[in-house]
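Top line first, the protein sequences correspond to chains A and B.
The numbers in the first sequence follow numbering that gives the first Met the number 0, run straight up by one, and end at 178.
The numbers in the second sequence follow numbering that gives the first Met the number 0, run straight up by one, and end at 250.
Built from N, CA and C at the ideal position, the CB exists for glycine as well.
From a predicted model like this one, the values you see are computed outputs, not experimental measurements.
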Amino acid sequence: MQTLGDHKLPHFFNYPPYFTLQPVRETREKQIQLWKELILDYCRTQKVFIIGLEEDFPLFSNPGIERSLNHEAREVFLSAIVLDGRAEWMDKSHRQCLILWHRIKDWADIILNFAKENGLEDSVMTVEEIRTGIESRGTDIHGMDRGVLMRALKLLENKGKLAIFKGSSTDDDGVKFSV
Amino acid sequence: MRRRPGIGGLQTAAAARDSYRLLGENVAKLRTDLMKEQLSTFRSQLEDFARKHKNDIRKNPAFRSQFHEMCAKVGVDPLASNKGFWAELLGIGDFYYELGVQIVDICLATRPINGGLINLEELCKILRQRRKGAREAVSEDDCLRAISKLKVLGSGFEVITVGKRKLVRSVPTELKKDHNEILELSQAQGFVTVEEVERRLSWTTGRATDALETLLDEGLAMIDDGHRDGKRRYWFPCVSSVSSFVASETL
Chain A
0 MQTLGDHKLP HFFNYPPYFT LQPVRETREK QIQLWKELIL DYCRTQKVFI IGLEEDFPLF
60 SNPGIERSLN HEAREVFLSA IVLDGRAEWM DKSHRQCLIL WHRIKDWADI ILNFAKENGL
120 EDSVMTVEEI RTGIESRGTD IHGMDRGVLM RALKLLENKG KLAIFKGSST DDDGVKFSV
Chain B
0 MRRRPGIGGL QTAAAARDSY RLLGENVAKL RTDLMKEQLS TFRSQLEDFA RKHKNDIRKN
60 PAFRSQFHEM CAKVGVDPLA SNKGFWAELL GIGDFYYELG VQIVDICLAT RPINGGLINL
120 EELCKILRQR RKGAREAVSE DDCLRAISKL KVLGSGFEVI TVGKRKLVRS VPTELKKDHN
180 EILELSQAQG FVTVEEVERR LSWTTGRATD ALETLLDEGL AMIDDGHRDG KRRYWFPCVS
240 SVSSFVASET L
C-alpha cells in the first residue's frame, strides 16, 4: 500500500477515474464518500486543520498516476464534508476550509478529559501551554489549531467548566479550569 | 380332418401363457433385485467414500470439486436438498448456502463501485478475506456452485464470460453484445477511449458513444479526463480490479 508521510493511502487513490468528478449520480456519491473519508482520515493523522484549495495539498494530486483534482472536484469534496458538519468554509469564496476532524464539542470533551487526567482541575494554564506544553504531548490537543482551541474553550466556559482570561498579548491568554 | 380347438387345447395354451408370464416376472424381479442391490452397494460405497474423505471434501477445494464431478456423473446432487444423508454427513449444503449469502452480501456492498458486475477472481478474493476464520478454503469452483444455487432466487445472479474472464452479474440488466465487446476490449488496459472503440471494433462514433454512455449510466464505467492527451478514458472497475481494493476497505 502506498503511503503519504506515515499515512496509508487507500487503493482508489491510484485509480485514475477517482480524480475526475463522475457524472452519474450513484457513482459520484460513492466517489464523494471515499474522498470524504480519505480527507478526514488524513487530516486526523497528519493534524491538518486548514486546507487551501489553491495550495498544493498532498491529497489533491497523485504524481504516481499523473492525476490531480481540478478546482471543482476539490470544492465538491470539501463541501460534502462541510455538509456533514465536519468542516467549515473560512471565506465566502471558498478558498480555505477548516477541517474539524473532531467536532468543536468533541474537542471540548477531549480538553476536559485532558484536564482531569493531568490533575489540572482548579489550575491555571495559558492557552499556548495547552497547545504546545509537555502535558499535551502525544494527545490530539498537541499542536492543534488555535482558533479551534479557542472555540472549544469558549464552549467549556459557557458550560461553566473553566474561565478564560485575557493576558497582555494573545500568547498570555489563560484558562482556569474548574472541573 | 383338422381338429377343431377343444377346451383341453385352450387350457393348455392358457397354462403355458401363465407359466411364461410367471417366469418372465421372476426374471424381471431378479433383475430389479440385482439392480437394487447394486444401487444400494453403490450408494453405500459412495457414502463410505464420502465418510472416509469427509475432511478432504470439506477442506480441500480441488478434492471437493472432483467429488462434485463424480457425483454429477452418477446423477447424485449433494446440494439438491439440505435434508437427508448428504447434509447430515457433510454439511455440504450449509457450506454452499453460507457462501451464497456471503456472495450476495459482497455483490450488494460493491455495487456502488462496480455497478453490479464483479470479476469472479475479485469476488473470491474478498470472500476469502471475509472468511479468514473459517476452516474451509474456498475455490472459484465453489463460488460458481454457490452462484448457480442462487439462480433459483430469480434475482438475476449470473456468471457471464467476457473474453477470458468470468464476471458475476448481480443486476438484472442484460448486457448487449456491444457492451460485452467493449468490456472485452477494456481488459487489456482497464480502460478504453471512444477512438479506440471505433478503431478496434470498426464502429461509428455514434455507436461507440452510445454504448459507452449506457455503461456509464449503469454504473459499470467511470470517466477519467485527467490524462495528458486530453482524451476521455472510460475505466471499468469490474475488469481492472480496483473494486476489490475499495471494497475490502469498506466491508
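- In terms of Cα proximity to R168 (chain B), the closest of B:K72, B:E157, B:L149, B:G8 is B:E157.
- In the DSSP assignment, V174 (chain A) falls within the beta strand (DSSP E) that extends over 173–176.
- Under the Cβ criterion of 8 Å, E25 (chain A) is counted among the residues facing chain B.
- Closer than 8 Å to the CB of L215 (chain B) there is at least one CB belonging to chain A.
- Flagged as an interface residue toward chain B: E65 (chain A), by a C-beta distance shorter than 8 Å.
- Two segments are said to touch when three or more pairs of C-beta atoms, one from each, lie closer than 8 Å; by this definition the stretch 176–191 of chain B touches the stretch 200–215 of chain B.
- Interface flag for P171 (chain B) against chain A is unset, since no Cβ pair is found closer than 8 Å.
- The stretch 107–188 of chain B contains, as complete beta strand (DSSP E) runs of 3+ residues, the segments 116–118, 157–161, 164–168 (chain order).
- Rounded to the nearest whole angstrom, the C-alpha separation of L211 (chain B) and V191 (chain B) is 9 Å.
- Nearest CB-CB separation between K158 (chain A) and chain B: not below the 8 Å threshold.
- Proximity to G218 (chain B) across A:E25, A:N13, A:L3, A:L8 peaks at A:E25, based on C-alpha coordinates.
- As computed with DSSP, R66 (chain A) is found in a beta bridge with A:N61.
- For the set A:R66, A:M89, A:F11, the Cα lying nearest the Cα of G229 (chain B) is the one of A:R66.
- Restricting attention to A:V81, A:H70, A:P62, A:D55, the CA atom closest to the CA of E36 (chain A) is found in A:V81.
- In this structure, W234 (chain B) sits near A220 (chain B), with a CB-CB distance shorter than 8 Å.
- Within its own chain, the residues whose Cβ lies closer than 7 Å to the Cβ of W34 (chain A), once the five positions on either side in sequence are excluded, are F76, listed in chain order.
- The C-beta of P15 (chain A) has 16 or more other C-beta atoms within 10 Å across all chains shown, which makes the residue buried.
- Membership of M34 (chain B) in the alpha helix (DSSP H) is indicated by the continuous run 6–51.
- P15 (chain A) has a beta carbon lying within less than 8 Å of a beta carbon in chain B.
- Just so you know, the alpha carbons of Q188 (chain B) and R85 (chain A) end up roughly 38 Å apart.
- W106 (chain A) and T172 (chain B) have their C-alpha atoms roughly 48 Å apart.
- Approximately 5 Å separates the beta-carbon atoms of Q95 (chain A) and G51 (chain A); this is inside 8 Å, confirming the contact.
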